[in-house]
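What follows is a short report on a single structure.
Protein chains: 2
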Amino acid sequence: MAPRAPMANWLNDTNDVTAVFLAAGQIPNLINLAGGLPAPDAWPVTEISELAGDVVRDYPAETLTYSPVPGLPKLRDVLAERYSTPTLPLTRDNVMITTGGAQALDLIGKVLLEPGQKIAAQSPAYLGALDAWRPRTPVYAPMQLEDPACDITAAMSDAQFAYTVPNFSNPSGRLVLVEQRKALLAAAQETGAWLVEDDPYGKLYYDGNPLPTMLEMSATGKAYDGPVIYLGTVSKELAPGLRVGWIIAAPEMISALTVAKQGSDMFSSGLCQMIAARAYSEGLADRILPANLDLYRRRRDALCAAMDEHLSEFLTWEKPSGGMFVWARVKNPAISTDALMQVGLEHGVCISPSSVFDPEGLDQSGIRLNFTLNEPEKLTEGVRRLAKALSEMR
Amino acid sequence: MAPRAPMANWLNDTNDVTAVFLAAGQIPNLINLAGGLPAPDAWPVTEISELAGDVVRDYPAETLTYSPVPGLPKLRDVLAERYSTPTLPLTRDNVMITTGGAQALDLIGKVLLEPGQKIAAQSPAYLGALDAWRPRTPVYAPMQLEDPACDITAAMSDAQFAYTVPNFSNPSGRLVLVEQRKALLAAAQETGAWLVEDDPYGKLYYDGNPLPTMLEMSATGKAYDGPVIYLGTVSKELAPGLRVGWIIAAPEMISALTVAKQGSDMFSSGLCQMIAARAYSEGLADRILPANLDLYRRRRDALCAAMDEHLSEFLTWEKPSGGMFVWARVKNPAISTDALMQVGLEHGVCISPSSVFDPEGLDQSGIRLNFTLNEPEKLTEGVRRLAKALSEMR
Numbered sequence: 002m003a004p005r006a007p008m009a010n011w012l013n014d015t016n017d018v019t020a021v022f023l024a025a026g027q028i029p030n031l032i033n034l035a036g037g038l039p040a041p042d043a044w045p046v047t048e049i050s051e052l053a054g055d056v057v058r059d060y061p062a063e064t065l066t067y068s069p070v071p072g073l074p075k076l077r078d079v080l081a082e083r084y085s086t087p088t089l090p091l092t093r094d095n096v097m098i099t100t101g102g103a104q105a106l107d108l109i110g111k112v113l114l115e116p117g118q119k120i121a122a123q124s125p126a127y128l129g130a131l132d133a134w135r136p137r138t139p140v141y142a143p144m145q146l147e148d149p150a151c152d153i154t155a156a157m158s159d160a161q162f163a164y165t166v167p168n169f170s171n172p173s174g175r176l177v178l179v180e181q182r183k184a185l186l187a188a189a190q191e192t193g194a195w196l197v198e199d200d201p202y203g204k205l206y207y208d209g210n211p212l213p214t215m216l217e218m219s220a221t222g223k224a225y226d227g228p229v230i231y232l233g234t235v236s237k238e239l240a241p242g243l244r245v246g247w248i249i250a251a252p253e254m255i256s257a258l259t260v261a262k263q264g265s266d267m268f269s270s271g272l273c274q275m276i277a278a279r280a281y282s283e284g285l286a287d288r289i290l291p292a293n294l295d296l297y298r299r300r301r302d303a304l305c306a307a308m309d310e311h312l313s314e315f316l317t318w319e320k321p322s323g324g325m326f327v328w329a330r331v332k333n334p335a336i337s338t339d340a341l342m343q344v345g346l347e348h349g350v351c352i353s354p355s356s357v358f359d360p361e362g363l364d365q366s367g368i369r370l371n372f373t374l375n376e377p378e379k380l381t382e383g384v385r386r387l388a389k390a391l392s393e394m395r
Numbered sequence: 002m003a004p005r006a007p008m009a010n011w012l013n014d015t016n017d018v019t020a021v022f023l024a025a026g027q028i029p030n031l032i033n034l035a036g037g038l039p040a041p042d043a044w045p046v047t048e049i050s051e052l053a054g055d056v057v058r059d060y061p062a063e064t065l066t067y068s069p070v071p072g073l074p075k076l077r078d079v080l081a082e083r084y085s086t087p088t089l090p091l092t093r094d095n096v097m098i099t100t101g102g103a104q105a106l107d108l109i110g111k112v113l114l115e116p117g118q119k120i121a122a123q124s125p126a127y128l129g130a131l132d133a134w135r136p137r138t139p140v141y142a143p144m145q146l147e148d149p150a151c152d153i154t155a156a157m158s159d160a161q162f163a164y165t166v167p168n169f170s171n172p173s174g175r176l177v178l179v180e181q182r183k184a185l186l187a188a189a190q191e192t193g194a195w196l197v198e199d200d201p202y203g204k205l206y207y208d209g210n211p212l213p214t215m216l217e218m219s220a221t222g223k224a225y226d227g228p229v230i231y232l233g234t235v236s237k238e239l240a241p242g243l244r245v246g247w248i249i250a251a252p253e254m255i256s257a258l259t260v261a262k263q264g265s266d267m268f269s270s271g272l273c274q275m276i277a278a279r280a281y282s283e284g285l286a287d288r289i290l291p292a293n294l295d296l297y298r299r300r301r302d303a304l305c306a307a308m309d310e311h312l313s314e315f316l317t318w319e320k321p322s323g324g325m326f327v328w329a330r331v332k333n334p335a336i337s338t339d340a341l342m343q344v345g346l347e348h349g350v351c352i353s354p355s356s357v358f359d360p361e362g363l364d365q366s367g368i369r370l371n372f373t374l375n376e377p378e379k380l381t382e383g384v385r386r387l388a389k390a391l392s393e394m395r
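Chains Y and E, in that order, give the protein sequences.
This note's numbering applies: residue 2 is where the first sequence begins, and numbers increase by one.
This note's numbering applies: residue 2 is where the second sequence begins, and numbers increase by one.
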């Protein structure tokens with residue numbers, strides 16, 4: 002009897018943070034500041050329940066059977082219209098539907114990465130993106146876009162693509178400024194690298210007006226054929242449980258991604274796609290947005306006020322103007338934030354350590370705190386617990 | 002301005018059959034015998050519509066938010082119970098949920114295949130599986146299981162896994178006999194290769210009683226830890242548009258697949274998972290099965306009767322005892338079935354040529370005909386058109 006065939010090597014490179022988070026879920030009265038979850042109060046439960054029943058009854062052919070690999074024509078059309086501007090005329094051929102925003106990252110890896118090729122990634126980088134690309138074993142050139150010394154063109158040279166979250170980046174909560182967006186587009190032209198604009202938080206501006214997307218900034222007035230691969234999702238605008246995301250890009254890229262999707266899950270749920278199509282075409286997503294922005298703004302303010310009161314001795318941070326996260330650095334370089342996560346758990350609060358957002362897994366100087374999931378009182382109590390943990394580690 | 006970074010090499014190896022099929026969809030009055038679609042008459046539209054509305058209203062936390070990577074505990078438990086026998090005691094740890102059966106194939110590739118490694122595959126092989134593994138650039142050892150000269154152990158030596166569809170294989174419609182199933186299990190023990198048992202058609206027996214699955218045959222009475230990776234789906238039992246499939250395997254394999262799923266689409270739609278959980282736990286799937294078996298049996302009989310009348314001059318085939326397909330070989334070796342597909346389209350009938358089920362794309366001697374989608378009259382007319390096409394190619 003022979004030993005079983007071994008697993009692929011990339012599986013040895015994963016971290017165990019998910020296991021830690023899952024185990025944390027078992028701790029009674031834990032305050033979870035680690036995840037990136039929208040508030041349950043924000044879901045339009047009654048409306049989605051009615052839509053779900055209606056679309057199966059009214060559109061059984063679209064919702065229940067096999068449907069086209071790149072998505073239902075109706076949803077692709079709704080999204081093409083939603084993102085079109087006078088200078089950015091989009092059609093169905095620029096749009097493909099994915100199983101949540103997460104799948105878009107996997108498909109981009111399949112289409113653009115030979116094993117060992119290079120990605121220029123905004124640093125720190127979204128954990129889910131690192132997970133998605135790990136099986137294709139890429140190398141990373143980090144880009145600290147806010148650092149004036151960051152040489153974007155050098156980072157993007159010989160890279161297959163650059164990966165950015167320009168609006169309230171996960172984990173840093175940072176807004177990539179218009180000048181930096183321009184520099185990314187110029188570097189894409191100069192180097193030939195594609196430019197992935199991952200935008201799950203693009204509607205979540207709490208102060209000021211939304212900046213133009215790099216997709217819009219690279220529009221020419223003609224059918225879109227630029228370097229930007231734009232990613233959107235219903236997860237923050239309606240409900241993540243639907244698993245509906247989308248990619249907007251040049252038709253050549255949409256065609257290649259469609260081949261990759263065919264071999265990944267063939268197509269996304271027609272039922273969920275049709276709910277999304279109706280929610281956008283009938284205005285549900287836009288109708289619920291103002292109340293959700295108010296809810297999240299109050300929670301951000303509550304978290305930051307509690308941090309000002311309890312954590313300024315230990316941490317530095319900037320109040321984000323949108324999104325779901327505050328990113329903070331420890332002042333005392335002797336404190337490892339991997340250790341802080343463990344000590345925090347003993348005090349009943351869970352945070353995300355910076356190591357999981359570093360492709361090398363080395364950075365132990367930062368933490369990410371989520372403010373959308375919990376009510377203000379819980380956020381304040383979570384911050385108090387974190388302050389206790391930090392004071393013990395002095 | 003630099004040329005755009007190139008796409009990954011594997012994209013050059015895809016065939017254009019999907020494009021041909023899509024274009025065929027535009028031909029008026031075309032009779033489509035090419036796909037693998039269940040009959041629309043078979044969907045329980047009213048029941049799924051009610052379930053869809055109910056589960057969002059009653060379980061918003063499970064259906065609308067992020068849920069566990071390996072699936073909702075409720076659905077994993079329902080499936081563990083459904084597949085358990087006295088000698089095969091399964092728990093949630095043996096079960097993971099996938100986005101349709103198709104995703105299971107992609108995840109298996111990610112977990113088991115380094116670039117260039119070997120798969121022993123039942124021949125001819127399911128097109129969707131070849132699509133799923135193409136980005137990991139495997140090599141194939143074909144297994145013609147029904148051929149007494151087939152050396153299964155040799156094919157599986159140094160292979161990472163064997164891939165089989167034992168019940169009414171796609172495309173051949175063949176049933177893998179119990180002796181052949183035993184031989185596959187013995188070879189898995191001897192070589193260490195994993196054994197993928199893809200079973201979308203396992204309920205679709207029209208004559209006789211279902212054979213034991215290799216999962217059952219490798220049970221020991223203890224917690225399952227064998228070499229079989231069993232794949233199931235709601236696509237043929239309820240509705241493919243839900244995109245709910247599952248994997249049953251050793252916990253070690255489920256854990257590795259969960260890491261791969263996290264980087265693929267993070268989790269499958271909670272809404273669709275909860276519909277499936279309710280449809281199985283409340284008996285909906287079992288309730289609709291007898292009528293669907295009657296429907297499909299009549300259609301198989303109609304197709305085979307028409308073939309007897311019009312095609313025996315040109316083709317040889319065996320009447321399948323289940324599933325969705327009849328597999329036929331042309332008698333005249335001068336006729337290429339790639340050409341037959343094109344000539345058929347001119348006559349208003351679409352068939353699948355054998356080349357798309359061959360990892361090398363070479364076999365041009367066979368065709369696959371689907372009998373579940375169309376009514377008997379249409380099946381008969383489709384066969385008449387195919388006979389005309391064949392008579393022109395003499």
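Glycine is no exception: its CB is placed at the ideal position from the N, C-alpha and C atoms.
All of these numbers come straight from a predicted model, not from anything done at the bench.
Open item on the list: Below 8 Å on C-beta distance, what does G72 (chain E) contact in chain Y?
Closed with: What you label residue 72 (chain E) is simply residue 71 of the second sequence in a count that begins at 1. Result: empty, since nearest Cβ-Cβ is about 13 Å, beyond 8 Å.
Open item on the list: What does the Cβ neighbour count give for D266 (chain E), buried or exposed, with the cut at 16 atoms within 10 Å?
Closed with: Here residue 266 (chain E) refers to the residue found at position 265 when the second sequence is read from its first residue. Burial check for D266 (chain E): the Cβ neighbour count within 10 Å reaches 16 or more, so the residue is buried.
Task: Proximity to T99 (chain Y) [Cα-Cα], best of Y:D107, Y:R93, Y:G324 - done: Within the first sequence, numbered from 1, the residue matching residue 99 (chain Y) stands at position 98. Sorting Y:D107, Y:R93, Y:G324 by C-alpha distance to the C-alpha of T99 (chain Y) places Y:D107 at the top.
- [ ] Take T420 (chain E) as the anchor and find which of E:P354, E:G349, E:D132 has the nearest alpha-carbon.
- [x] Here chain E has residues from 2 to 395 only, and residue 420 (chain E) is not among them.
Open item on the list: Counting only Cβ pairs nearer than 7 Å, list the residues of chain E close to T373 (chain Y).
Closed with: As a position in the first sequence, residue 373 (chain Y) is number 372, starting the count at 1. Correct list: empty, because the minimum Cβ distance to chain E is about 12 Å.
Task: Closest Cα partner of E376 (chain E) within the set E:D295, E:T192, E:W247 - done: On the second sequence, position 375 is the one that residue 376 (chain E) refers to. E376 (chain E) has its Cα closest to that of E:D295, out of E:D295, E:T192, E:W247.
Open item on the list: Checking 8 Å against the spacing of the C-beta atoms, do I109 (chain E) and Y141 (chain E) come in under that value?
Closed with: Position 108 of the second sequence, counted from the start, is the residue given in the question as residue 109 (chain E). Position 140 of the second sequence, counted from the start, is the residue given in the question as residue 141 (chain E). No, they are not a contact pair.
TODO: Compare the C-beta of I400 (chain Y) with all C-beta atoms of chain E and state if any pair is closer than 8 Å.
DONE: With chain Y covering 2 to 395 only, the question about residue 400 (chain Y) has no answer from this structure.
- [ ] Consult DSSP for Q1 (chain Y) and reduce its assignment to one of helix, strand or coil.
- [x] Only positions 2 to 395 of chain Y appear in this structure, which leaves residue 1 (chain Y) out of reach.
- [ ] Using a Cβ-Cβ cut-off of 8 Å, state whether Q27 (chain Y) counts as contacting chain E.
- [x] Within the first sequence, residue 27 (chain Y) is the residue found at index 26, counting from 1. Not one chain E Cβ lies under 8 Å of Q27 (chain Y).
Open item on the list: Taking beta-carbon pairs under 7 Å, can you tell me which members of the stretch 91-116 of chain E lie near chain B?
Closed with: Of the chains in the structure shown, none is chain B; the protein chains are Y and E.
Open item on the list: One question on the structure: do T92 (chain E) and L38 (chain Y) come within less than 8 Å of each other, judged by their Cβ atoms?
Closed with: Indexing the second sequence from 1 puts residue 92 (chain E) at position 91. Indexing the first sequence from 1 puts residue 38 (chain Y) at position 37. Taking a C-beta distance under 8 Å as the contact criterion, T92 (chain E) and L38 (chain Y) do not qualify as a contact pair.
- [ ] State buried or exposed for P201 (chain E), treating a residue as buried only when at least 16 other CB atoms are found within 10 Å of its CB.
- [x] Looking up residue 201 (chain E) in the second sequence gives position 200. It is buried - the Cβ of P201 (chain E) has at least 16 other Cβ atoms within 10 Å.
Task: Range covered by the alpha helix (DSSP H) that runs through G233 (chain E) - done: For this step, residue 233 (chain E) is matched to residue 232 along the second sequence. No alpha helix (DSSP H) holds G233 (chain E); the beta strand (DSSP E) holding it covers 229-234.
Task: Where T317 (chain Y) sits in the DSSP three-state scheme - done: As a working mapping, residue 317 (chain Y) is identified with position 316 in the first sequence. Residue state, collapsed to three classes: strand.
- [ ] Taking only beta-carbon positions, decide if N33 (chain Y) is within less than 8 Å of chain E.
- [x] Within the first sequence, numbered from 1, the residue matching residue 33 (chain Y) stands at position 32. By the rule that beta-carbons nearer than 8 Å mark a contact, N33 (chain Y) does not touch chain E.
- [ ] Go through its chain and collect everything with a Cβ distance to K237 (chain Y)'s Cβ below 8 Å, but skip five positions before and after it.
- [x] Within the first sequence, the letter at position 236 stands for residue 237 (chain Y). Closer than 8 Å at Cβ, skipping near neighbours: P39, P201, Y202, K204, L205, M325.
Open item on the list: So, at 8 Å on beta carbons, what are the nonlocal neighbours of A130 (chain Y) in its own chain, with the 5 sequence-adjacent residues on each side left out?
Closed with: Your numbering for residue 130 (chain Y) matches position 129 in the first sequence. Same-chain partners within the cutoff: L106, A122, Y164, D199.
- [ ] Counting only the same chain and skipping the five closest in sequence on each side, list residues whose C-beta sits under 7 Å from that of D208 (chain E).
- [x] For the purposes of this step, residue 208 (chain E) is identified with residue 207 of the second sequence, where counting begins at 1. Beyond the five residues adjoining it in sequence on each side, D208 (chain E) comes within less than 7 Å, by CB distance, of S322 in the same chain, given in chain order.
Open item on the list: Could you check whether G367 (chain E) and R330 (chain E) sit closer than 8 Å to each other, using their CB atoms as the reference points?
Closed with: Walking along the second sequence from the start, residue 330 (chain E) turns up at place 329. Walking along the second sequence from the start, residue 367 (chain E) turns up at place 366. A distance below 8 Å separates the beta carbons of R330 (chain E) and G367 (chain E).
Task: Element boundaries [alpha helix (DSSP H), containing W134 (chain E)] - done: Within the second sequence, the letter at position 133 stands for residue 134 (chain E). That run of the alpha helix (DSSP H) goes 128-134.
Open item on the list: Tell me the DSSP secondary structure of R330 (chain Y) in three-state form.
Closed with: On the first sequence, residue 330 (chain Y) is found 329 positions in, with the first residue counted as 1. Strand.
Task: Contact the stretch 50-57 of chain E vs the stretch 45-60 of chain Y: 3+ CB pairs below 8 Å - done: Taking 8 Å as the limit for Cβ pairs, the verdict is that the stretch 45-60 of chain Y does touch the stretch 50-57 of chain E.
Open item on the list: Quick check: what's the CA-CA separation for L312 (chain Y) versus L243 (chain Y)?
Closed with: Residue mapping note: residue 312 (chain Y) aligns to position 311 of the first sequence, counting from 1. Residue mapping note: residue 243 (chain Y) aligns to position 242 of the first sequence, counting from 1. C-alpha separation (whole angstroms): 37 Å.
Task: Within 8 Å, strictly: CB atoms of S355 (chain Y) and Q343 (chain Y) - done: The sequence position of residue 355 (chain Y) within the first sequence is 354, counting from 1. The sequence position of residue 343 (chain Y) within the first sequence is 342, counting from 1. No; because the gap between Cβ atoms is not below 8 Å, this pair is not in contact.
TODO: For D339 (chain E), collect the residues of the same chain with a Cβ closer than 8 Å to its Cβ; drop the 5 residues on either side in sequence, then sort them by chain order.
DONE: For this step, residue 339 (chain E) is matched to residue 338 along the second sequence. The residues are P354, S356, Q365.
Task: Cα-Cα separation, F268 (chain E) to V235 (chain Y) - done: Counted from its first residue, the second sequence places residue 268 (chain E) at position 267. Counted from its first residue, the first sequence places residue 235 (chain Y) at position 234. The alpha-carbon of F268 (chain E) is positioned some 14 Å away from that of V235 (chain Y).
- [ ] Could you spell out where the beta strand (DSSP E) holding G246 (chain E) opens and where it closes?
- [x] Taking the second sequence and counting its residues from 1, the one referred to as residue 246 (chain E) is at position 245. From DSSP, the beta strand (DSSP E) with G246 (chain E) extends over 246-249.
- [ ] Consult DSSP for D199 (chain E) and reduce its assignment to one of helix, strand or coil.
- [x] Locating residue 199 (chain E) in the second sequence gives position 198, where the first residue counts as 1. Strand at D199 (chain E).
- [ ] Find the residues of chain Y that neighbour M267 (chain E), judging by a C-beta separation of less than 7 Å, and give them in chain order.
- [x] Here residue 267 (chain E) is taken as the residue at index 266 of the second sequence, counted from 1. By Cβ distance, chain Y contributes G101, A103, G129.
- [ ] Mind checking which residues open and close the beta strand (DSSP E) that includes T99 (chain E)?
- [x] Counting from 1 along the second sequence, the entry for residue 99 (chain E) is found at position 98. Element bounds for T99 (chain E): 96-99.
Task: Sufficient close CB pairs (3 or more, under 8 Å) joining the stretch 301-310 of chain E to the stretch 267-287 of chain Y - done: Contact annotation: the stretch 301-310 of chain E does not touch the stretch 267-287 of chain Y, with fewer than three C-beta pairs closer than 8 Å.
- [ ] Report the residues of the stretch 191-221 of chain E with a CB closer than 7 Å to any CB of chain Y, ordered along the chain.
- [x] Here the close residues are E191, T192, G193, A194, W195.
TODO: Please decide whether P136 (chain Y) counts as near chain E, where near means a Cβ-Cβ distance under 8 Å.
DONE: On the first sequence, residue 136 (chain Y) is found 135 positions in, with the first residue counted as 1. Yes, contact with chain E.
Task: chain Y contacts from the stretch 342-369 of chain E (Cβ-Cβ distance under 7 Å) - done: Per Cβ criterion, the list is empty.
- [ ] Kindly list the residues whose CB is nearer than 8 Å to the CB of N30 (chain E), restricted to its own chain and excluding five residues on each side of it in sequence; keep chain order.
- [x] Taking the first residue of the second sequence as position 1, residue 30 (chain E) is located at position 29. Closer than 8 Å at Cβ, skipping near neighbours: G349.
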